[in-house]
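Presented below is the structure to which this report refers.
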Amino acid sequence: MCGIEKKLLEIRNRLKDDEFANEQAISHGIVMPVLQELGWDVFDTKMVWPEYNAGKGRVDFALCDPPGNNPKCFIEVKQPGKAETRAVEQLMSYAFICGAPSAILTDGQTWSFFLPAEAGTFEERRVFFLDLFEHESVKAAEILAKYMLKSDVITGAAHRAAQKEHGNKSRLKKAKAGISDAWNDLLRSRDDRLIELLAAEVESKVGYRPDINDIVDFLMDAGFRGSRVAKQEPATTRPPRRLPPASVSKVKVIEVILFENASQFTTMSDAMIHVFKTLADRDSALLDRCSVAEGFIGRKRPKLARDFNEMSPNPNLTRANQVRELPGGWLIWMNTSNRQKIAMLERICKVAGIRWEYDLKIFQKSD
Numbered sequence: 000m001c002g003i004e005k006k007l008l009e010i011r012n013r014l015k016d017d018e019f020a021n022e023q024a025i026s027h028g029i030v031m032p033v034l035q036e037l038g039w040d041v042f043d044t045k046m047v048w049p050e051y052n053a054g055k056g057r058v059d060f061a062l063c064d065p066p067g068n069n070p071k072c073f074i075e076v077k078q079p080g081k082a083e084t085r086a087v088e089q090l091m092s093y094a095f096i097c098g099a100p101s102a103i104l105t106d107g108q109t110w111s112f113f114l115p116a117e118a119g120t121f122e123e124r125r126v127f128f129l130d131l132f133e134h135e136s137v138k139a140a141e142i143l144a145k146y147m148l149k150s151d152v153i154t155g156a157a158h159r160a161a162q163k164e165h166g167n168k169s170r171l172k173k174a175k176a177g178i179s180d181a182w183n184d185l186l187r188s189r190d191d192r193l194i195e196l197l198a199a200e201v202e203s204k205v206g207y208r209p210d211i212n213d214i215v216d217f218l219m220d221a222g223f224r225g226s227r228v229a230k231q232e233p234a235t236t237r238p239p240r241r242l243p244p245a246s247v248s249k250v251k252v253i254e255v256i257l258f259e260n261a262s263q264f265t266t267m268s269d270a271m272i273h274v275f276k277t278l279a280d281r282d283s284a285l286l287d288r289c290s291v292a293e294g295f296i297g298r299k300r301p302k303l304a305r306d307f308n309e310m311s312p313n314p315n316l317t318r319a320n321q322v323r324e325l326p327g328g329w330l331i332w333m334n335t336s337n338r339q340k341i342a343m344l345e346r347i348c349k350v351a352g353i354r355w356e357y358d359l360k361i362f363q364k365s366d
């Protein structure tokens, strides 16, 4: 395993332990080590220029060649929880003023690679979005080297590779081809986000909450119908295709043991709410502390708040689709993956001063 791959493994483990609390920690603990592994002399402040004067403000890092002149790439570090749209707008402005051909926005875990001079929206000018939790270290190292390797940045090869990738229509084909697989993965994993959104929408329309197994059956059936459409199979008058009973996913049971008291739930959402309510009932100030704690302040909006409008990205959606109520008038954002819910459970343990996997244990199994 090469140096950059080892470094990324180390960084990913430290990210999981929430060791990087602010922009300075991310800059010194992630960005600079990555640059060093990719050939940059991070101690030459004219080559890797911190707090580079970009006219209307300062960009966190400018990669310069020759040192002290001609910035080839700007790197802006954002604090976890900071609104990405504003950070991208600021970075693009800096790059435009100084003529930097490439720009990178990162919070340590995610890395967005941009071509500022291209036409289109900010999203359309983003060449690639890298998440260190979603890509293996080998692949992540390959991507970072493609756009940040010193020799390629200096010669312009990195910029040309980004331009080629940006103009390559095959990436859209790859993304389109991945829709079906991603949808099927969501169905197979019985992702709580799908189940909760659909259940809440049904309840808001008819006044009753459907049984979870009925939702699972519907989603499985919808997945098969979608697959037939994707493959352009001829329509038939046969009834919708279903899995044989023996192949249908069994109901998952989430067992929660909190202070040696065991409870069982069918969704991670219900399990999480049980834990939050139980701990909040024991400590009336706990949720106040959580609301300002690391892990409860999302990248774009808070995950815990008393005002629904602070949390919702779309005010036209109903509260029932997105949040659940907690003691003290608090609301918690529920449109997250099971992995994110587990992460919030770990963090509330830290804030409450109890031991994860000792005072609180979570087990997932099939019924």
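Count the sequence shown with numbering that gives the first Met the number 0 and you get residues 0 to 366, in order.
We put the CB at the ideal spot given by N, CA and C, even for glycine.
Quick caveat, the model's predicted, so the values are computed rather than measured.
query: Member of I29, T84, A279 and A199 whose CA lies at the smallest distance from the CA of F60; result: I29
query: Burial state of P100 (16 or more Cβ within 10 Å); result: buried
query: Inter-stretch contact (C-beta, 8 Å, three-pair minimum) for the segment 26 to 43 and the segment 141 to 156; result: yes
query: Same chain, Cβ closer than 8 Å to D280, five either side skipped, listed in chain order; result: P326
query: Assigned secondary structure, N12 (DSSP; H/G/I helix, E/B strand, else coil); result: helix
query: Proximity of G155 and F19 at Cβ, strictly below 7 Å; result: no
query: Beta carbon of E371 nearer than 7 Å to that of L104; result: Because residue 371 is not part of the residues shown, which for the chain are 0 to 366, the question remains open.
query: Candidates A181, L286, M310 and R305, of which the one nearest V350 by Cα; result: L286
query: Spatial neighbours of I194 in its chain, beta-carbon cut-off 7 Å, leaving aside the 5 residues before and after; result: I211, I214 and T266
query: Where Q263 sits in the DSSP three-state scheme; result: strand
query: Beta-carbon proximity of L344 to V255, cut-off 7 Å; result: no
query: Distance between beta carbons of R305 and L278, contact taken as under 8 Å; result: At roughly 18 Å, the Cβ-Cβ gap does not stay under 8 Å, so L278 and R305 are not in contact.
query: Exposure of F113, with buried meaning 16 or more beta-carbon neighbours within 10 Å; result: buried
query: Cut-off 8 Å between Cβ atoms - residues of its own chain near E22, not counting five sequence neighbours on either side; result: D59, V76, K77 and Q78
query: Contacting residues, own chain, Cβ-Cβ under 6 Å from A157 (five flanking each side not counted); result: Y146 and D151
query: Span separating the alpha-carbon of N183 from that of D220; result: 11 Å
query: Beta carbon of F295 nearer than 7 Å to that of D358; result: no
query: Beta-bridge partners of F73, as assigned by DSSP; result: A61 and A102
query: For F127, the three-state DSSP class (helix, strand or coil); result: strand
query: Rounded C-alpha distance that separates V322 from W332; result: 5 Å
query: Simplified DSSP assignment, three categories, for R240; result: Residue placement at R240 is poorly supported in this model, since its pLDDT is 34, which falls under 50; the coordinates still yield a value, given next. Coil.
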